[in-house]
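Single-structure report; data block below.
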Amino acid sequence: MDQQKIPPFIFIYCLCWLFIISCNNAAKPGDQKIVADPAKMDQETSESIRQALSFAIKNKGMIDDSIQLKLIALVNDFYDKNEYTNIWSHHENWEPLADTLLRFIQKGELYGLFPGDYHYKNLRSLKATLDGDSLKRMDAERWTRADLMLTDAFMHVLRDLKIGRLNADSTLFNINDSVTKRDFYSYSLKALVEHKQFSELIRNVEPKLAGYLDLKKSIPRFLDSMDTKEYTYVPYPYKANDVKDSLFFISKIQKRLKESACLEADTTLKDSAQLIAAIKKYQKKKGIKQDGKISASLVGSMNLTDRERFKRIAITLDRYKQLPSFMPEKYILVNLPAYYLNVWDHDSIAIESKIICGRPTTRTPLLNSVISDMVTYPTWTVPSSIIAKQYLPKLKNNPYYLSRIGLRLVNNKGETVNAGSINWNKYSKGIPFKVMQASGDDNALGILKFNFSNPYSVYLHDTNQRYLFKNASRALSHGCVRVQQWQELAFFIARNDSVNLQPGEVLRYNIDSIKNWLEKKERRRIAVKNGIPLFIAYFSCEGKGEKIRFYDDIYGEDKLMRERYFYGK
């Protein structure tokens with residue numbers, strides 16, 4: 154019988170397939186490479202590093218079945234530029250820098266870091282093995298793994314300290330920094346090896362912002378009293394009309410109350426009175442209102458354990474890293490969860506003010522910008538989103554609703570339109586008119602507003618509802634930021650323009666002219682010559698002395714970050 158010939162295209166396909174397989178399967182690092190002469194250990198380790206990286210590059214950073222280099226491209230780049238020389242050991246002995254880095258990782262929580270992110274358990278175990286077993290100390294493969302993990306850990310620490318673990322939103326704070334470039338990591342590690350100045354390097358990498366330093370300073374005391382016990386997470390809200398879901402929820406509440414010693418471990422709830430009493434006991438322990446009711450605030454308190462609080466600390470430290478490395482000499486910082494605005498002048502707070510920010514449904518956006526102008530006795534053009542959601546449904550029921558609340562309808566020529574002549578039922582998503590409020594003491598913007606460039610049509614302003622500043626929770630606006638100390642802010646901006654006036658320049662306003670226009674209730678647009686940078690940020694905790702003050706996660710931003718970047722920590 155004639156032998157069948159293999160078609161040429163199949164033969165070529167098989168050769169290509171075998172070639173691809175061979176490329177993607179670089180030699181896996183060996184389990185052991187014994188080197189009897191310590192003087193030859195560095196040479197053998199260097200060769201093993203080359204082989205391990207060749208394998209790791211093609212296998213998503215894996216150097217064995219359980220160890221993955223998180224920053225494989227950066228690690229490979231460093232060793233490639235330095236002839237694959239091992240840097241953390243020499244002739245079967247640890248370099249002092251290796252011990253320094255390990256101690257730093259062990260105490261990483263003091264910096265808002267999690268030791269587990271930096272190979273800590275593997276490195277600690279490997280170090281104990283190499284220190285305690287003379288035969289295994291002769292294994293170049295173990296020294297190779299140690300060197301690669303330490304380099305990866307160092308670069309990972311460097312990145313997390315400098316820019317954090319949160320992805321910076323390009324509309325927020327532009328990070329235009331050398332840390333985003335590959336050379337930064339190689340340069341930093343090489344400088345560390347040459348100069349041995351680990352603490353100085355860490356200080357140079359960290360933010361210098363007062364808020365960051367104050368919060369970090371408060372961490373040791375928090376950790377000393379931290380309850381590290383793991384508590385049951387209580388899901389909320391639940392489906393009250395679903396028996397299965399309700400029973401599941403109550404079982405979680407019951408378990409959580411037992412963990413807090415508010416119910417005996419062997420207790421079986423027989424009626425609602427027992428549950429109410431246990432909840433009141435829990436509320437008393439936590440210093441919150443003792444009403445015995447299941448609510449979002451109760452469940453929030455149960456889920457905000459010390460472990461979760463530490464994650465909020467870590468997230469807040471990372472948010473400071475999204476600010477510019479060097480802040481301007483003068484700037485305005487709005488912290489939404491704390492409901493305050495601070496004006497900074499040369500590292501000192503010049504003005505502190507309460508604020509009112511957007512509701513969770515109409516959030517104040519996080520942004521940075523520059524104050525460009527101020528307006529005395531401003532008019533208010535109602536945002537189209539408010540018109541569509543709030544006013545249009547009411548106009549369908551009552552065409553004269555706008556005039557009743559002091560607003561007027563305006564066409565694209567600026568002419569007032571009779572709202573009663575419009576068939577409002579034909580509009581569903583918006584209207585082809587503007588809705589405006591005239592200037593005056595009753596205007597929603599108050600008697601002064603501060604403009605700054607942004608795509609959200611928001612601004613800082615006074616308010617005609619100043620009594621709301623007495624509220625503890627002040628997420629009440631449509632998105633703009635109402636400022637209690639608006640006058641002090643306006644005068645600060647005017648004073649800054651006067652002080653920075655250059656010879657030959659003319660300034661068309663000062664503090665006295667602002668006072669005069671306000672007294673006469675004149676509408677004036679005031680161009681700011683030296684714009685004050687503005688940062689609207691979201692810091693849900695801050696250091697106060699040695700204590701940490703936690704604020705409500707009003708927009709759920711921390712919850713989102715915990716789930717995205719800190720899950721399982």
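Take the position in the sequence shown, starting the count at 1, then add 153; the result is the number in the working numbering. Note that beta-carbon positions come from the ideal geometry of N, C-alpha and C, so glycine has one too.
*asked:* Alpha carbons only, please: which of Pro182, Ile202, Tyr271 and Gln221 is nearest the one belonging to Lys722?
replied: Tyr271
_Distance CB(Phe337)-CB(Leu254) smaller than 9 Å_ = no
_With the cut-off set at 9 Å, would you say Leu222 and Asp300 are in Cβ contact?_
no
*What's the C-alpha gap between Tyr708 and Gly445?*
26 Å
*Tell me, to the nearest whole angstrom, how far the beta carbon of Leu368 is from that of Thr469; I am working on the premise that it is less than 8 Å.*
6 Å
*Report back the beta-carbon spacing between Ile540 and Ile508 to the nearest angstrom; my notes put them in contact at under 8 Å.*
Incorrect: roughly 25 Å between the Cβ atoms, too far for contact.
*Hey, quick one: how far does the beta strand (DSSP E) through Asn550 stretch, first residue to last?*
No beta strand (DSSP E) holds Asn550; the alpha helix (DSSP H) holding it covers Leu545 to Asn550.
*asked:* In chain order, what are the residue ranges of uninterrupted beta strand (DSSP E) at least 3 long that sit wholly in the region 401-440?
replied: none
*Which residues in the same chain as Ile429 place their Cβ atom closer than 7 Å to its Cβ, once the five residues preceding and following it in sequence are excluded?*
Gly445
*What did DSSP end up calling Asp322 once you bin it into helix, strand or coil?*
With a pLDDT of only 47 at Asp322, under 50, the local geometry of the prediction cannot be trusted, and the value read off the model is given with reservation. If DSSP states are grouped into helix, strand and coil, Asp322 belongs with coil.
*Report the rounded CA-to-CA distance for Leu451 versus Lys405, giving the unit in angstroms.*
13 Å
*Could you say which of Arg312, Glu347 and Leu476 lies nearest to Leu266 if we only look at CA atoms?*
Arg312
*Residues in its own chain within less than 6 Å of Thr297 by CB, not counting five upstream and five downstream?*
Thr198, Ser201, Ile202 and Ala205
_One question on the structure: do Ala503 and Trp497 come within less than 9 Å of each other, judged by their Cβ atoms?_
yes
*Return the CA-CA distance between Asn578 and Val611, expressed in angstroms with no decimal places.*
29 Å
*Comparing alpha-carbon positions, which option in Glu294, Tyr273 and Lys280 lies nearest Asp195?*
Glu294
*Do you know how far the Cα of Ala690 is from the Cα of Gln590?*
29 Å
*Would a C-beta distance cut-off of 9 Å place Glu417 and Tyr384 closer than the cut-off?*
no
*Between the Cα of Met455 and those of Ala467, Tyr473, Lys433 and Lys474, spot the shortest distance and give me the residue it belongs to.*
Lys433
*asked:* I need the boundaries of the beta strand (DSSP E) containing Ile509, first residue and last residue.
replied: Ser501 to Gly511
_For the pair the region 682-701 and the region 515-523, tell me if three or more CB-CB distances fall below 8 Å._
yes
*Pairing CB atoms from the region 472-491 with CB atoms from the region 362-380, are three or more of them under 8 Å?*
yes
_C-beta contact flag for Val528 and Cys510 at 9 Å_ = no
_Residues in the same chain with beta-carbon distance under 8 Å from Lys682, minus the five sequence neighbours each way, listed in chain order, please._
Asp650, Asn653, Leu654, Glu658 and Leu660
*With 16 other Cβ atoms within 10 Å as the buried cut-off, status of Gln436*: buried
*Leaving out five residues before and five after Asp380 in sequence, what residues of the same chain have Cβ atoms less than 6 Å from its Cβ?*
Asp459
*State the DSSP-derived secondary structure class of Phe644, mapped to helix, strand or coil.*
helix
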